[in-house]
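*Asks:*
In my numbering, the protein residues as written are 672 to 1040.
1. Measure the alpha-carbon distance for residue 1021 versus residue 1009 and round it to whole angstroms.
2. Hey, how far is the Cα of residue 850 from the Cα of residue 826?
3. Around the Cβ of residue 696, are there at least 16 other Cβ atoms within 10 angstroms (buried) or fewer (exposed)?
4. Return yes when the Cβ of residue 767 is within less than 7 angstroms of the Cβ of residue 708, no when it is not.
5. What is the DSSP secondary structure of residue 949, reduced to helix, strand or coil?
6. Can you tell me where the alpha helix (DSSP H) holding residue 885 begins and where it ends?
7. If you measure between the beta carbons of residue 776 and residue 814, is that distance less than 7 angstroms?
8. Evaluate the contact criterion for the region 1014-1029 versus the region 966-976: three or more CB pairs, one atom per stretch, below 8 angstroms.
9. Who are the near neighbours of residue 748 in its chain, counting only those whose CB is closer than 6 angstroms to its CB and skipping five residues on each side?
10. Can you grab the Cα-Cα spacing for the pair residue 753 / residue 788, in whole Å?
11. Grab the span of the alpha helix (DSSP H) containing residue 745 for me, first residue to last.
12. Which word fits residue 793, buried or exposed, when buried means at least 16 other C-beta atoms lie within 10 angstroms of its C-beta?
13. Any heavy atom of the ligand NAP inside 6 angstroms of the beta-carbon of residue 869?
14. Rank 884, 960, 745 by C-alpha distance to the C-alpha of residue 935 and give the top, closest one.
15. For residue 705, count the other beta carbons within 10 Å of its own beta carbon; 16 or more makes it buried, fewer makes it exposed. Which is it?
16. For residue 995 versus residue 985, is the C-beta spacing smaller than 7 angstroms?
17. Alpha carbon to alpha carbon, how far is residue 962 from residue 868? Give it in angstroms, no decimals.
18. If distances are taken between C-alpha atoms only, which option among 876, 878, 871, 877 comes closest to residue 891?
19. Give the DSSP-derived three-state secondary structure of residue 844 in the structure shown.
20. Looking at the structure shown, is residue 878 part of a helix, part of a strand, or coil, going by DSSP?
21. What are the boundary residues of the alpha helix (DSSP H) that residue 826 is part of?
22. State the CB to CB distance for the pair residue 822 and residue 862, rounded to an integer number of angstroms; the pair is presumed to be in contact (CB under 8 angstroms).
23. Quick check: the region 917-927 against the region 889-903, are there 3 or more CB pairs under 8 angstroms?
24. Just tell me which of 856, 1019, 1002, 723 has its CA closest to the CA of residue 987.
25. Which residues does DSSP list as the beta-bridge partners of residue 937?
26. How is the alpha helix (DSSP H) around residue 972 delimited, first residue to last?
27. What would DSSP say about residue 1026, mapped onto helix, strand or coil?
28. State the CB to CB distance for the pair residue 967 and residue 902, rounded to an integer number of angstroms; the pair is presumed to be in contact (CB under 8 angstroms).
29. For residue 912, is the classification buried or exposed, using 16 other Cβ atoms within 10 angstroms of its Cβ as the cut-off for buried?
30. Are there 16 or more other CB atoms within 10 angstroms of the CB of residue 832, so buried, or fewer, so exposed?
31. Based on Cα-Cα distance, which residue from 855, 952, 933, 932 lies nearest to residue 940?
32. How many angstroms separate the CA atom of residue 751 from the CA atom of residue 790?
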C-alpha cells in the first residue's frame, strides 16, 4: 500500500498529465487546415511583438513549455493591446489566443474592448455562437461565461440561456458556472416561472446534488419576497418546503443537503424569528416523529441527532438536549470535542435556568411575607 506522500505525488503527476492533455487539444498541431493570423508575416509587418511579457528570466525554476505559435500569438496580442488597437486583425488574433488558452482572461477582455470599438461591424449572433462553442468546450472556464453574459446583455435577449445552461448541467449537474449563469438570467430577466420545476427535476435525477438544493432555495426565496407581508402565504410556502425536504430524509438519511435545506427554515439560537424562519421548538409533530424514526433506524445519523438536540434545547429541556449531544459525541468522533462543548454549554444553560427559577420563587415568597 502506498503512503500518503506517494499517493499525493501520484495525484500531482495525474493532474499534470491531464493539464498537458488539455493543452494539447488546442496546440498548433490541431486544426491543421486552419490558417491562424499569427502565421501571416505580411499582416504584422508594422507590429513589434511584445515578447518580454512571456519572458521567464534567464534561469526559470520551472519553464513553461509553450509552442512557437503560442509565444508569437501572445507577443502580438500584448503589442496590440498596449497600442490600444481595435481592428479586425486584433479580433481575429484574440480568437487564436483563446484557442491556445481559453482561460486567458486578458484575451477575452480585450476581445470585448475590440467589439465595442467596432460597433456595427460585427454580427452579434456569430459572437453568441462563438461563446456557446467555448461554453460546451470548456464549461468550467468562468472567462467564457463572463463573455456570454456580456453578449446577452447587449442582445437583451435571454431566450436561449436556460436551454444552454440545461445542456451543460445535463453533462455536469454541479457545474458552478452554469448554475450561476442560470440564476443571473432568471433574476435579471424575471424568468422564474419554470424554475421550481427545473430544480425539482434536477433533484429527482440526483437528490444529493447540493447545487440543485441551493437553486431551489434561491427560487423559493424570490417567491417569499414577492409575497412580503402576507404571513399566511409565507407560512404556506414554508410548510410546503419543510414537507418537501422531509420527504427525502428517510430515503437518504445521511444526505447532508436535505438536512441543510430543512434547517434553513428554522431560526438558530438567538436569531430573530420571522414568518419564514420559526424556532426549532415549533417543529411540526409529524416531522419530529419522522426524524425520531430516522434515529431509530440509523442511530449514528448525526444530522437527525443534531436536529433533535436543537429541538430539545429550544424547548428548554436541557436534560434531553444533553443526552442528544452526548450521543453525537459518541457516534461522531471526528467532531467529538465540538459536541462535548455543546453538551457543556447546555448544562450551563440548564444551571442558569434553575438558578433563575429559584430566585423567582424566593422573590415571590418574600413578597408574600
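Glycine included, each C-beta is placed from N, C-alpha and C at the ideal position.
Bear in mind the structure is a predicted one, so any value in this text is a computation, not a measurement.
*Replies:* If we stick to the structure as given:
1. Position 350 of the chain shown, counting from 1, holds the residue named residue 1021. Position 338 of the chain shown, counting from 1, holds the residue named residue 1009. Answer to the nearest angstrom: the Cα atoms are 18 angstroms apart.
2. Taking the first residue of the chain shown as position 1, residue 850 is located at position 179. Taking the first residue of the chain shown as position 1, residue 826 is located at position 155. Roughly 21 angstroms between the two C-alpha positions.
3. As a working note, residue 696 is residue 25 in the chain shown. Residue confidence for residue 696 is low, a pLDDT of 47 falling below 50, so the modelled location carries little weight and cannot support an answer.
4. Here residue 708 is taken as the residue at index 37 of the chain shown, counted from 1. Here residue 767 is taken as the residue at index 96 of the chain shown, counted from 1. Taking 7 angstroms as the Cβ cut-off, residue 708 and residue 767 qualify as a contacting pair.
5. Your numbering for residue 949 matches position 278 in the chain shown. Strand at residue 949.
6. In the chain shown, the residue the question calls residue 885 occupies position 214. Residue 885 -> alpha helix (DSSP H) spans 881-897.
7. Indexing the chain shown from 1 puts residue 776 at position 105. Indexing the chain shown from 1 puts residue 814 at position 143. A contact, by the Cβ cut-off of 7 angstroms.
8. no
9. Counted from its first residue, the chain shown places residue 748 at position 77. Hits under 6 angstroms: 764, 768.
10. As a working mapping, residue 753 is identified with position 82 in the chain shown. As a working mapping, residue 788 is identified with position 117 in the chain shown. For residue 753 and residue 788, the distance between alpha carbons rounds to 15 angstroms.
11. Taking the first residue of the chain shown as 1, we reach residue 745 at position 74. Here the alpha helix (DSSP H) through residue 745 covers 739-754.
12. On the chain shown, residue 793 is found 122 positions in, with the first residue counted as 1. Flag for residue 793 reads exposed.
13. Among the ligands in the structure shown, none appear at all, so the ligand NAP cannot be discussed.
14. Your numbering for residue 935 matches position 264 in the chain shown. Among 884, 960, 745, the Cα nearest to that of residue 935 is on 884.
15. Numbered from 1 along the chain shown, position 34 holds the residue referred to as residue 705. By the 10 Å Cβ count, residue 705 comes out exposed.
16. Along the chain shown, one-based indexing puts residue 995 at 324. Along the chain shown, one-based indexing puts residue 985 at 314. Contact flag unset, no.
17. The count along the chain shown starts at 1 and reaches residue 868 at position 197. The count along the chain shown starts at 1 and reaches residue 962 at position 291. Roughly 26 angstroms separates the two Cα atoms.
18. Residue numbering aside, residue 891 sits at position 220 when the chain shown is read from its first letter. The option with the nearest alpha carbon to residue 891 is 871.
19. As a position in the chain shown, residue 844 is number 173, starting the count at 1. Correct three-state label for residue 844: coil.
20. Numbered from 1 along the chain shown, position 207 holds the residue referred to as residue 878. Note: residue 878 maps to coil in three-state DSSP.
21. Taking the chain shown and counting its residues from 1, one reaches residue 826 at position 155. Note, residue 826: alpha helix (DSSP H), 813-826.
22. Along the chain shown, read from residue 1 onward, the residue named residue 822 stands at position 151. Along the chain shown, read from residue 1 onward, the residue named residue 862 stands at position 191. Residue 822 to residue 862, Cβ: 17 angstroms. No contact.
23. no
24. As a first step, residue 987 is located in the chain shown; it is residue number 316 there, counting from the start. Among 856, 1019, 1002, 723, the Cα nearest to that of residue 987 is on 1019.
25. Against the chain shown, residue 937 aligns to sequence position 266. Answer is 949, bridged to residue 937.
26. For the purposes of this step, residue 972 is taken as residue 301 along the chain shown, with counting starting at 1. Neither: residue 972 is in no alpha helix (DSSP H) and is coded neither H nor E.
27. Looking up residue 1026 in the chain shown gives position 355. Note: residue 1026 maps to helix in three-state DSSP.
28. Numbered from 1 along the chain shown, position 296 holds the residue referred to as residue 967. Numbered from 1 along the chain shown, position 231 holds the residue referred to as residue 902. The pair is not a contact, with the Cβ atoms about 35 angstroms apart (cut-off 8 angstroms).
29. Taking the chain shown and counting its residues from 1, the one referred to as residue 912 is at position 241. By the neighbour-count rule (16 or more Cβ atoms within 10 Å), residue 912 is buried.
30. Taking the chain shown and counting its residues from 1, the one referred to as residue 832 is at position 161. Per the 10 Å Cβ criterion, buried.
31. Counting from 1 along the chain shown, the entry for residue 940 is found at position 269. When each option's Cα is compared against that of residue 940, the closest is 952.
32. Walking along the chain shown from the start, residue 751 turns up at place 80. Walking along the chain shown from the start, residue 790 turns up at place 119. Their Cα atoms are separated by approximately 18 angstroms.
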